[in-house]
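The numbering used here puts the first residue of the sequence shown at 27, with every later residue one more than the last.
Beta carbons are placed, not taken as given, at the ideal position from N, Cα and C, and that holds for glycine.
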Amino acid sequence: MAAENISGSRGRGSGSRERGRQGVGDGLRGVSSALTAWLTRPLASFHLLLAVFGLLTAFGLVMVLSASSVESFNKEGSSYSIFLSHLAHCLFGAVGCYVAMRMPVWALRRFSHVLLLICLLLLVLVLTGLGASDNGAQSWFVLGPISFQPVEPAKIALALWGAHVLVTKRALLGQYRHLLVPVVPAALLIFALVMMQPDLGSTVLLGVVLLALLWFAGAPLRLFSAVLLGGVTAATVLIAVGGYQMGRVTSFLNPGADPQGAGFQSNQALLALADGGLFGEGLGRGWSKWQYLPEADNDFIFAVLGEELGFVGCAVVLVLFGTVAYVGMRIASRNTDPWIRLVAATLTTWLVAQAAINIGYVVGLLPVTGLPLPLISSGGSSVVTTMIVFGLLANCARHEPEAIAALRSLGPGRVGRLLRLPTPTPYRPPASRRSNNNTTAKQRGPQPAKPSGKSGTGGSRAEKQRQSAARGPRRTRSAR
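Take a look at the structure:
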């Protein structure tokens with residue numbers, strides 16, 4: 027009897043576990059089907075991008091408030107000075123995002139060269155007495171309480187103008203002369219001006235923008251090997267010449283060589299991440315911001331995030347940036363306008379690469395470059411530029427063919443009505459090659475008639491023989 031009771035209880039336990047696993051499987055399948063159905067909606071890319079943008083912005087505001095409170099109190103006597111400055115930049119960036127979202131695509135493309143020329147002029151002026159130095163780099167314009175880096179809008183200008191040039195010359199990109207000129211010389215000029223500041227981190231991001239433009243334009247793989255070899259050689263020379271870059275590389279290769287000097291930030295960041303564990307010490311309870319970790323609210327805010335929110339908080343940030351990568355490439359693949367496709371893919375690569383570089387050097391996988399974590403680190407021009415990039419991507423998302431059809435037939439929707447966004451215009455591809463050939467033929471005029479080859483009309487015997495050979499052997503009718 028006891029054995030039967032035990033076997034019966036085991037059977038009931040295994041049956042309940044099987045039903046539990048089946049219930050979990052059914053739930054996951056339901057969630058997957060609901061998500062797939064939602065992603066098939068015409069404006070799914072637009073809404074998902076805005077959701078990720080809002081989450082990252084809110085995440086950044088909370089973390090900046092937590093990470094900067096100690097430094098703000100020591101410098102200004104208030105725990106909210108850096109946070110209020112970051113909040114003001116976020117509001118200014120939100121305005122820029124809204125303007126970029128409303129800007130017509132044709133205007134962005136047509137005036138991209140004007141933006142590039144303005145950025146080049148600013149990069150030259152910042153090297154003069156008009157520029158201000160900070161942390162050994164003369165890369166700032168300071169106008170009272172407002173300061174900004176001209177290299178930030180230069181990244182957007184290079185992406186927009188480079189995409190315009192490559193799309194305009196897409197029929198000739200098989201030739202290196204048309205593929206590289208004038209995009210690569212203009213990019214090299216920007217690289218040189220930025221390295222004269224010097225700013226190695228921004229130069230790396232500009233290189234990412236250039237490589238993304240060439241990659242998504244369809245450049246051959248052998249070109250990238252040459253470009254990467256030249257970039258590594260140039261970076262090696264610049265690191266050898268510059269003092270602080272060499273110190274960062276040395277501390278990366280041997281963190282224990284100078285633990286109180288060049289390797290101090292990296293070592294403190296790793297200690298902060300180790301203290302966080304799985305769930306963290308709690309929001310606002312981290313110890314690294316108490317003067318143990320320099321730039322806790324800016325370059326190394328990911329270390330503070332890991333200390334206070336643990337592995338779970340870091341995983342949430344990684345998922346959000348992974349979603350940015352997915353949505354950006356989805357926007358690029360679903361558009362029919364080649365310029366929008368190239369711009370969306372390039373801007374997405376830029377954002378994801380910047381996040382990967384920042385997280386990489388915080389966890390010790392890359393040398394320290396000083397690049398902030400997009401939308402999470404405090405910083406003026408970087409935050410504003412990132413928000414403008416999100417506005418451009420949202421504008422590209424509304425130009426998907428399915429989105430345009432839905433907006434024209436069903437109206438702007440709740441978000442579009444709230445933001446008063448204009449209805450996008452559909453993409454009209456250029457005229458076909460046949461129409462171009464017809465136009466060229468009309469411009470040339472009527473052509474002189476060819477000689478008929480009959481006797482008495484000027485046709486020679488040689489001309490008759492050529493025509494006869496072209497017609498082939500004459501078939502004879504068989505006799506009946």
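Check: Whole alpha helix (DSSP H) elements within the region 326-409, 4-residue minimum; Outcome: 327-360 and 364-388
Check: Nearest residue (CA-CA) to residue 182, options 328, 53 and 236; Outcome: 236
Check: Validate contact between the region 366-376 and the region 327-335 using beta carbons, cut 8 Å, 3 pairs; Outcome: no
Check: Where residue 168 sits in the DSSP three-state scheme; Outcome: strand
Check: Residue 93 versus 285, 109 and 80, residue with shortest Cα-Cα distance; Outcome: 109
Check: Test item: CB-CB of residue 312 and residue 336 under 8 Å; Outcome: no
Check: Residue 453 versus residue 147 - alpha carbon distance; Outcome: 33 Å
Check: Segments of 4+ residues assigned as alpha helix (DSSP H) that fall wholly inside the region 180-221; Outcome: 202-206 and 209-221
Check: Residue interval of the alpha helix (DSSP H) (run including residue 77); Outcome: 70-102
Check: Cβ pair count under 8 Å reaching 3, the region 160-168 against the region 178-194; Outcome: no
Check: DSSP-derived helix/strand/coil call for residue 158; Outcome: strand
Check: Collapsed DSSP secondary structure at residue 174 in the structure displayed; Outcome: strand
Check: Residues bridged to residue 163 [DSSP beta-bridge criterion]; Outcome: 160
Check: Backbone CA spacing between residue 74 and residue 187 [nearest angstrom]; Outcome: 27 Å
Check: C-beta contact flag for residue 82 and residue 392 at 8 Å; Outcome: no
Check: Cβ contact check for the region 382-389 and the region 91-106: 3 or more pairs under 8 Å; Outcome: no
Check: Helix, strand or coil at residue 139 according to DSSP, with G and I counted as helix; Outcome: helix
Check: As assigned by DSSP and simplified to three states, the class of residue 295; Outcome: helix
Check: Straight-line Cα distance separating residue 304 from residue 295; Outcome: 16 Å
Check: Three CB pairs or more closer than 8 Å across the region 393-408 and the region 101-117; Outcome: yes
Check: Rounded C-alpha distance that separates residue 190 from residue 138; Outcome: 8 Å
Check: Close beta carbons around residue 353, own chain, < 6 Å, minus the five adjacent residues each side; Outcome: 71, 74 and 75
Check: Local conformation of residue 425 per DSSP, three classes; Outcome: coil
Check: Buried or exposed (CB count within 10 angstroms, at least 16 for buried), residue 419; Outcome: buried
Check: Between the CA atoms of residue 202 and residue 90 - distance to the nearest angstrom; Outcome: 46 Å
Check: Alpha helix (DSSP H) segment containing residue 124, residue limits; Outcome: 107-128
Check: Nearest candidate by alpha-carbon position, reference residue 361, set 176, 426 and 297; Outcome: 426
Check: Reference residue 216, options 55, 143 and 287, closest by Cα; Outcome: 143
Check: Cutoff 6 Å; reference residue 68; Cβ partners in own chain excluding five residues on either side; Outcome: 428, 429 and 432
Check: 7 Å Cβ shell around residue 395 - same chain, five flanking residues per side excluded; Outcome: 226, 227, 230, 383 and 387
Check: Reduced DSSP category for residue 57 - H, G, I as helix; E, B as strand; rest coil; Outcome: helix
Check: Given residue 208 as reference, the closest of 218, 192, 322 and 104 once Cα atoms are compared; Outcome: 192
Check: Rounded Cβ spacing between residue 319 and residue 291 (contact assumed at less than 8 Å); Outcome: 7 Å
Check: Own chain, CB closer than 6 Å to residue 450, minus 5 neighbours either side, in chain order; Outcome: 424, 425 and 430
Check: Residue 312, DSSP secondary structure in three states; Outcome: coil
Check: Min CB distance residue 61 to chain C below 8 Å; Outcome: The question asks about chain C, but that chain is absent: this structure has only one protein chain.
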